[in-house]
Structures are given as structure tokens and as C-alpha cells.
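With the working numbering, letter number 91 in the sequence shown gets 73, and the count goes up by one each step, no holes.
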Amino acid sequence: MTDAAARDVIEPVESVLDDVVEWRRHLHRHPELSFEENETAAWIAETLTGFGGDLEIERPAENSVIAHLRTGRPGPVIALRADIDALPIEEQSGVEFASENPGVMHACGHDGHTAMLLGAARLLAGAGDRLPGGELRFLFQPAEELAPGGARDLVAAGAVEGVDLVYGCHLWTPLEYGKVTAVPGPFMAASDFFTLAITGRGGHGGLPHLADDTIAISAQVITNLQHVVARRVDPLERAVLSIGTIHAGDAPNVIPGRVDMSGTVRTFDPDLRERMPVLVEDVVRGVTSAHGAEYELDYQFGYQPVVNDERATALVRDTVDPDALTDLAPIMGGDDFSAYLAEVPGCYAFIGAGDEASEATYPHHHPKFRIDERALGTGVRMHVDVALRALKEVSR
Ligand SMILES: [Zn+2]
Ligand SMILES: [Zn+2]
-17 MTDAAARDVI EPVESVLDDV VEWRRHLHRH PELSFEENET AAWIAETLTG
33 FGGDLEIERP AENSVIAHLR TGRPGPVIAL RADIDALPIE EQSGVEFASE
83 NPGVMHACGH DGHTAMLLGA ARLLAGAGDR LPGGELRFLF QPAEELAPGG
133 ARDLVAAGAV EGVDLVYGCH LWTPLEYGKV TAVPGPFMAA SDFFTLAITG
183 RGGHGGLPHL ADDTIAISAQ VITNLQHVVA RRVDPLERAV LSIGTIHAGD
233 APNVIPGRVD MSGTVRTFDP DLRERMPVLV EDVVRGVTSA HGAEYELDYQ
283 FGYQPVVNDE RATALVRDTV DPDALTDLAP IMGGDDFSAY LAEVPGCYAF
333 IGAGDEASEA TYPHHHPKFR IDERALGTGV RMHVDVALRA LKEVSR
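#1: What ranges does the beta strand (DSSP E) occupy inside the region 130 to 203, keeping only unbroken runs of at least 3 residues that lie completely in it?
#2: At 3 residues or longer, and completely inside the region 47 to 123: list those beta strand (DSSP E) runs for me, N to C.
#3: Is DSSP giving Tyr322 helix, strand or coil here?
#4: Residues in its own chain within less than 7 Å of Leu261 by CB, not counting five upstream and five downstream?
#5: My understanding is that Ala133 touches Ala321, with C-beta atoms under 8 Å, so please give their C-beta distance in whole angstroms.
#6: Going by C-alpha distance, which of Glu21, His346, Asp(-10) and Gly315 is nearest Ala171?
#7: Tell me which residues pass a beta-carbon proximity test against ligand 1: closer than 6 Å to any heavy atom, given in chain order.
#8: Looking only at its chain, what residues have a beta carbon closer than 7 Å to the beta carbon of Gly359, apart from the 5 residues adjacent to it on each side?
#9: If you compare alpha carbons, which of Ala24, Leu279, Phe120 and His95 is closest to Val59?
#10: Beta-carbon within less than 6 Å of Gly91's beta-carbon, same chain only, minus the 5 sequence neighbours each way: which residues are those?
#11: Need the endpoints of the beta strand (DSSP E) that Ala306 sits in, please.
#12: Please tell me whether Pro56 and Gly110 are closer than 8 Å, where the distance is taken between their beta carbons.
#13: Since Phe250 contacts Pro287 with CB under 8 Å, what's their CB separation in whole angstroms?
#14: Compute every distance between the C-beta of Asp65 and the non-hydrogen atoms of ligand 2, then say whether any falls below 7 Å.
#15: Which partner residues does Ala272 have in the DSSP bridge list?
#16: Could you check what DSSP says for Arg248 in three-state terms: helix, strand or coil?
#17: Within 8 Å (strictly less), CB to CB, does Gly85 reach chain B?
#18: The alpha helix (DSSP H) that contains Val3, what's its start and end?
#19: Please return the same chain residues whose Cβ sits closer than 8 Å to the Cβ of Ile26, not counting the five positions on each side in sequence.
#20: Among the candidates Ala43, Glu44 and Thr31, whose CA atom is the shortest distance from the CA of Leu51?
#21: DSSP state of Val376, grouped into three classes?
#22: Should Glu82 and His12 be called a contact, given that it needs their Cβ atoms to be closer than 8 Å?
#23: Is it buried or exposed, Ala272, if we count other Cβ atoms within 10 angstroms and call 16 or more buried?
#24: Around the Cβ of Val236, are there at least 16 other Cβ atoms within 10 angstroms (buried) or fewer (exposed)?
#25: What is the rounded straight-line gap between the Cα of His365 and the Cα of Ala102?
#26: Does the beta-carbon of Ser173 have 16 or more other beta-carbons within 10 angstroms, so that it is buried, or is it exposed?
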């Protein structure tokens, strides 16, 4: 049976799309940072309640919402997930529904993810007895953007207990509207984080021999850290090390006694992931000690890699028009969807949301980030198609 035919049990997807756009714009106007999504979560719960039907809503972890749609008939449990948080970015997109919360912006598309999953929940909840047996579980998760992430809390609260398959999707502007990616195996990198302080005797800018120049030493540390990936890691292995912040000093003629920086490390291979903090510290220790400075390194493992299950991914791919399927290479971005995949087989798909005409050409996390809102329809369709197909096909 085609997915269009399988969709006969629900109202046409088009019937919900105006609302999905409206919900997305509402969320876009009112973004909230990771772990602070109080109003967003309350609004999601209220909106779900308005759908009526058989949705049972619970709030198991802070700022999270889970809706259960239990058919009361035997079958698999299928979880669909959306993340709901925004980023500390001052919006410059120029859209009429721009953020009304200064310094905070939905610049990754999580407003769209939330709206798409709400749309799917309304359509599927409206199907009542026509749904195949089993349970659908809609997960609205806070704090995807900030390690340790919100997925971990949902898993700890039992959100994927008894779940047979977990599925999620991310809007993606580097992929043009109309295209969809769902690839089996490693797809998004493990993302780990570190803070590093270089400390020494500060002093007079004109008398460097009486001080430890933490700025000059930091410059060497940063340059040498690039050799970790370039020279210590197998060239065929995937790894990235980036320094994202550096702060030091107050005056042009003063050598500061401390430089603070932070960075991220991305890998796929578990052994390499374990080795990276050792390789980083070797460089930091060697360079600082060579120049008489000291250091404080705090290295934290963040999100595991997103590894899509073969069968779950095949199921998702089967719902997509073959002309729309595009295989992207694995990306070094991370996502805490991996926390669910560590418990349950599943698939994280990407939905093309890029389009020149709608100025959806900026990368995610950019202040001018926009999406092509037609992609919201692709997302709703994919949620309902995956849900209906999985209820039918996934055996317990
Ligand atoms: Zn993001
Ligand atoms: Zn994101």
C-alpha cells in the first residue's frame, strides 16, 4: 500500500498546515533558551489538550511534554520526537514574526519541529479507531542545544520505556526544499566540550621577561591543538577540534595572568573519542610547561553520535518519494537525539528547508536564519507516514 493510501485513516495533511504555520510563527515570536522553556512547554501542553481525542498528556521532566495516543489494541509503541528550545542569538532575519524576546532566537528550526509534531499529533489523534493497534508517543523535549541536553532527562523519566522505534527529524537549510535525507549508520558526530584556562604571572607589557605571557602561550596552545587532528589522528578517521571562545586582558600594556577559552571536539569512533582528551591535554601540558605557565583543563563528554538503525531507517526511507531521497554524508554537528537511539532503535531524518526565493539560504545558528515554510508540510507528512507505517509493520 502506498503511504498516500495509508493516510486515508486521517484527515488530509493539508487540513492542518495553516495551523502548523501559525503555531510555528507563534513559537518563533516567543523563543526560550535551553532549560528555560517554561512558557513554550505550557503552550504545547495547552495546544495538545485542545486537540481532545484520546491524547493523554504528561509532564515527566522539567519543560518537557509527552502525549500518549493509546489505541487500546495490541501493537508496537512508536515515539516521535521534537526539540523545542531556542538559541542566545539576536535575530536579524527580517521576518514579520521575528523574536519578541531580545537576544533569543529560534535559529535552528526547533519552532518548526514543534509545530510539525503538533500537526501530526492532531491528525493522528483525530483518526481514533481507524489507527492500527499500538501506541504513539509524542515527545516534546527541551534543551537540545545545551549539553548535557534535555533528552537525557526524558530517557531517565522513562519516556522511551517500552518503545519499539523512535523517530525524529530536523529541518535543514543546506538541503533544498523537497529533499529528504535518512541514512543508516553513523550520521551525526559525538559532541564533547572543554574549557581551558592558561595561567601564569601577569605583568608589564614592556617587561615580558618578568612575567609569563599567557596570551602568547595561548596562541601557541591553540595552534598546536590543530596538530592533534592534523597529525595525531588517522587521516581517514573523522575528527574536528574547534576553539569557540577566548577571553583575556583589559589593557594594551598589561600582560594578563589568565586566559580563558572553550572549545568543542567532534568524533565518530568511540576509541578516538576516548583518546581525544588525552591528546588535548598532552599538547596543553607540553606547551604551557615549556613556557613556564600552568593550566586548568575541564573536558566533558557531551552527546553520543547519532547512529541510525538499519531497519528503522529503511522504514523511514520507504515512506519517501524516491526522487526526494538524497543521501547526505555524515555531518560533524551533534544532536542529543542520540540519547534515545542509545536505548531504542530508530532514525533521525533531515528535511530540506533551503530555498533561494524565501531567503532560506543562511546556515543554522545564523542571526539571519530562515526556513522555507513549505518544509513544514514535508515534516508533518513524514511524521504521519512513519507513524502509520511503523504501527503496521514493526513487530514486537
Ligand atoms: Zn542547533
Ligand atoms: Zn537543531
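Yeah, the Cβ is synthetic: ideal placement off N, Cα and C, and Gly gets one too.
Keep in mind that this is a model prediction, so the values were computed, not measured.
Checking against the coordinates, here is how it stands:
#1: Segments of the beta strand (DSSP E) lying fully in the region 130 to 203: 147 to 158, 167 to 170 and 172 to 181.
#2: Taking only runs of at least 3 residues, the beta strand (DSSP E) segments lying wholly in the region 47 to 123 are 47 to 52, 59 to 65 and 117 to 123.
#3: Looking at Tyr322 - three-state DSSP - the assignment turns out to be helix.
#4: Once the five neighbours on either side are set aside, the close Cβ partners of Leu261 are Val210 and Arg214.
#5: Their Cβ separation, rounded to whole angstroms, is 4 Å, which keeps Ala133 and Ala321 in contact under 8 Å.
#6: Measuring from the Cα of Ala171, the nearest candidate turns out to be Gly315.
#7: In chain order, the hits are Cys90, Glu127, His346 and His347.
#8: Closer than 7 Å at Cβ, skipping near neighbours: Val(-5) and Leu(-1).
#9: The residue from Ala24, Leu279, Phe120 and His95 with its alpha-carbon nearest to that of Val59 is Phe120.
#10: Hits under 6 Å: Leu153 and Ile353.
#11: No beta strand (DSSP E) contains Ala306, which DSSP labels as neither H nor E.
#12: Taking a C-beta distance under 8 Å as the contact criterion, Pro56 and Gly110 do not qualify as a contact pair.
#13: That belief holds up - the Cβ atoms of Phe250 and Pro287 are roughly 5 Å apart, short of 8 Å.
#14: Yes, the Cβ of Asp65 comes within 7 Å of a heavy atom of ligand 2.
#15: DSSP, once it has assigned bridges, lists no residue as partnering Ala272.
#16: Three-state DSSP puts Arg248 in a strand.
#17: Included in the structure is just one protein chain, with no chain B present.
#18: Where Val3 is concerned, the enclosing alpha helix (DSSP H) starts and stops at Glu(-4) to Arg11.
#19: For Ile26, where only same-chain residues beyond five positions count, the Cβ hits under 8 Å are Val47, Ile66, Thr96, Leu100 and Phe122.
#20: For the residues Ala43, Glu44 and Thr31, the minimum Cα distance to Leu51 belongs to Thr31.
#21: In the structure shown, Val376 sits in coil (DSSP, three-state: anything other than H, G, I, E or B).
#22: The beta carbons of Glu82 and His12 sit closer together than 8 Å.
#23: Label assigned to Ala272: exposed.
#24: An exposed status is given to Val236, since fewer than 16 other beta-carbon atoms sit within 10 Å of its beta-carbon.
#25: Rounded to whole angstroms, the gap between the alpha carbons of His365 and Ala102 is 6 Å.
#26: Under this definition Ser173 is a buried residue.
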